[in-house]
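What the sequence shown shows, in this note's numbering, is residues 385 to 780, in sequence order.
Accompanying notes for the structure given below.
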Amino acid sequence: MKILIADDDDSARYALKKLLQGNGRTILESIDGKETLLMISDLRPDLVFLDLNMPIMDGKAVLASLQQSLSQTPSGSEFAWSTTEIIVVTANDAVADAVQCIRLGASDFITKPFEIARMRSIALRSQRRVELQEQMAAMQLLLETQSQDHCFDGMIGASPSMRQLFSKIEKAAVTDLPVLIRGESGTGKELVARSIHKRSPRVNQHFLAINTAAISPTLIESELFGHVKGAFTGADKDRDGVFRMADGGTLFLDEIGDMPAPIQTRLLRVLQEGKVQPVGSEHVYDIDVRIVSATHQDLDQSIADKLFRQDLYYRLKGIELTIPPLRHRPEDILLLARSFLGEEIRLAGDAVQAILRCNWPGNVRELKHRLQAAAAMANSNTLTGADIGLHDAQPH
């Protein structure tokens with residue numbers, strides 16, 4: 385919850401801030417009417433304590449300007465989780481001022497010196513209102529999408545960014561160009577790669593996936609290109625390598641940004657020539673493989689730091705797809721939660737609020753694991769925020 389204290393009196397702001405802080409609240413401050421207007425517009429606080437006697441613009445002018453802006457905003461032009469509640473605080477207890485402020489949109493009128501218990505009660509009441517509005521908005525979103533199918537080859541998304549990604553996958557799949565998938569860990573890069581293969585002309589051929597960051601640097605060359613018996617210690621038989629095994633199909637190279645520099649050079653040559661030579665062999669094999677690669681690294685920075693070859697980057701990025709992180713598509717969170725939990729497990733109101741506020745640094749993978757673990761350990765079929773471990777979740 386965000387609370388804005390608008391008062392040019394430093395001691396008054398300090399006292400009110402000390403009184404209201406805690407309970408996960410963010411306390412904002414402004415010292416004049418113009419700054420107050422900008423902060424309300426840009427930061428959309430849930431609750432504002434507005435002093436009437438401020439420089440540049442007084443409290444009444446702020447209320448009048450807000451009311452005018454609201455009347456000029458087209459209905460339904462913006463989706464907001466909550467509306468701003470404004471409480472006027474002033475040393476003047478004139479009834480006329482109170483009536484005028486209420487007509488201009490204030491929710492209440494309090495005279496100084498204020499009662500501590502009353503101010504805390506107002507903040508608590510407003511916080512409960514915000515939580516209820518968030519829950520209602522989340523439930524409405526879930527109801528609106530309940531009857532719709534938002535699954536695309538195992539990926540779930542109703543947000544504009546995911547619908548755009550699905551459209552790009554369809555277009556990229558029918559080509560034979562290499563595809564570079566960029567996205568944070570846990571966003572589902574392998575699902576995108578599998579979808580590209582599934583929708584491509586190579587669908588009836590092999591799809592092989594290899595995580596280049598998970599293989600020892602001493603073994604990755606053999607894993608990619610194969611080896612012959614006796615090529616090195618432990619090579620007790622011939623091995624084809626994933627390039628030859630995927631011949632005619634699609635090879636997914638995950639975490640390509642972590643590939644050792646010597647292997648980058650060898651990979652570039654394979655991509656340029658369409659030929660592969662196993663370790664320890666003099667024989668060269670022709671290959672026909674579509675490469676789909678993925679990374680969570682910032683390849684532009686890696687190139688600048690001389691950690692990744694620029695010429696290899698251009699070979700891999702025939703088409704570039706970016707998967708948005710989960711925090712940038714909150715519309716999809718409840719759809720994903722329902723998919724992971726099934727129909728029998730429900731989310732309590734505080735759990736809905738918590739998962740929507742969570743930043744999800746581990747993205748879809750973290751959401752899935754956390755919810756499924758909570759469902760396995762819960763004592764009922766209704767999960768609370770505490771069950772999920774998100775009762776102290778911070779907003780985005």
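Note that the Cβ used here is the ideal one computed from N, Cα and C, for glycine as well.
Bear in mind the structure is a predicted one, so any value in this text is a computation, not a measurement.
> Going by Cα to Cα distance, which pick from P562, A507 and R711 is closest to R749?
Replying inline: R711
> Along the chain, where does the alpha helix (DSSP H) that runs through R792 open and close?
Replying inline: Nothing about residue 792 can be read from this structure; the chain reaches only from 385 to 780.
>> Between V479, E704, G702 and A738, which has its C-alpha nearest P782's C-alpha?
In response: Not covered by the structure: residue 782. The range shown for the chain is 385 to 780.
> Roughly how many whole angstroms lie between the Cα atoms of M629 and A762?
Replying inline: 45 Å
> Helix, strand or coil for M539 per DSSP?
Replying inline: strand
> Contact check, A678 vs A757 under 8 Å by CB: the rounded distance?
Replying inline: With a contact defined as Cβ atoms closer than 8 Å, A678 and A757 miss out at about 26 Å.
> Going by beta carbon distance, what residues of the same chain come within less than 8 Å of F616, once the five residues before and after it are set aside?
Replying inline: Beyond the five residues adjoining it in sequence on each side, F616 comes within less than 8 Å, by CB distance, of S606, V663 and G664 in the same chain, given in chain order.
> At a cut of 8 Å, does the region 442 to 456 reach the region 423 to 434 through at least three beta carbon pairs?
Replying inline: yes
>> Let me make sure I understand the geometry here. Which of D481, D716 and M643 has the alpha-carbon closest to that of A598?
In response: The residue with the shortest Cα to Cα distance from A598 is M643.
>> Tell me whether the region 690 to 701 and the region 559 to 568 touch, counting them as touching only if at least three CB pairs, one residue from each stretch, are closer than 8 Å.
In response: yes
>> Quick check: the Cα distance between G538 and L575, rounded to an integer number of angstroms?
In response: 7 Å
> A478 by DSSP, collapsed to three states: which one?
Replying inline: coil
>> Taking the alpha-carbon of S453 as reference, which of A482, R653, D481 and L421 has the nearest alpha-carbon?
In response: L421
>> Please return the same chain residues whose Cβ sits closer than 6 Å to the Cβ of G460, not counting the five positions on each side in sequence.
In response: With a pLDDT of only 39 at G460, under the threshold of 50, the placement of this residue in the model should not be trusted, and no figure is reported.
> How about F724 and L774: do their beta carbons lie closer than 8 Å?
Replying inline: Taking 8 Å as the Cβ cut-off, F724 and L774 do not qualify as a contacting pair.
>> By the DSSP assignment, the alpha helix (DSSP H) with F627 in it spans what residues?
In response: V626 to M629
> Do Q338 and F609 have their CB atoms nearer than 8 Å?
Replying inline: This structure cannot speak to residue 338, because the chain is shown only from 385 to 780.
> If you draw a straight line from the alpha carbon of R423 to that of D481, how long is it in whole angstroms?
Replying inline: Note that residue 423 is Met in the sequence shown here, rather than Arg. Distance between the alpha carbons of M423 and D481 is about 24 Å.
>> Here's the rule I'm using: 16 or more other beta-carbon atoms within 10 Å means buried, otherwise exposed. How should S395 be labelled?
In response: exposed
> If we call anything under 8 Å between Cβ atoms a contact, is I387 one with D430?
Replying inline: yes
> Between K582 and L705, is the Cβ-Cβ spacing less than 8 Å?
Replying inline: no
> Is the Cβ-Cβ distance between L691 and L731 less than 8 Å?
Replying inline: no
> Relative to the alpha-carbon of E657, which residue among A645, K555, D670 and R586 has its alpha-carbon at the smallest distance?
Replying inline: Sorting A645, K555, D670 and R586 by C-alpha distance to the C-alpha of E657 places D670 at the top.
> Helix or strand or just coil, what does DSSP make of L448?
Replying inline: Reading off the sequence shown, one finds Ala at residue 448, where the question assumed Leu. Three-state DSSP puts A448 in a helix.
> If you compare alpha carbons, which of S510, G726 and S449 is closest to G489?
Replying inline: G489 has its Cα closest to that of S449, out of S510, G726 and S449.
>> Just verifying my parser: in three-state terms, what is the DSSP assignment at K621?
In response: coil
>> Using a Cβ-based criterion (distance less than 7 Å to any ligand heavy atom), does L774 qualify as near the ligand ADP?
In response: Annotation note on the ligand ADP: not contained in the displayed structure, which lists no ligands.
> Can the beta-carbon of L637 be found less than 8 Å from the beta-carbon of D695?
Replying inline: no
>> Between the alpha carbons of N765 and L720, how many angstroms are there, rounded?
In response: 17 Å
> Among residues of its own chain, excluding the 5 on either side of G769, which ones have a beta-carbon nearer than 6 Å to its beta-carbon?
Replying inline: D734, A735, A738 and H775
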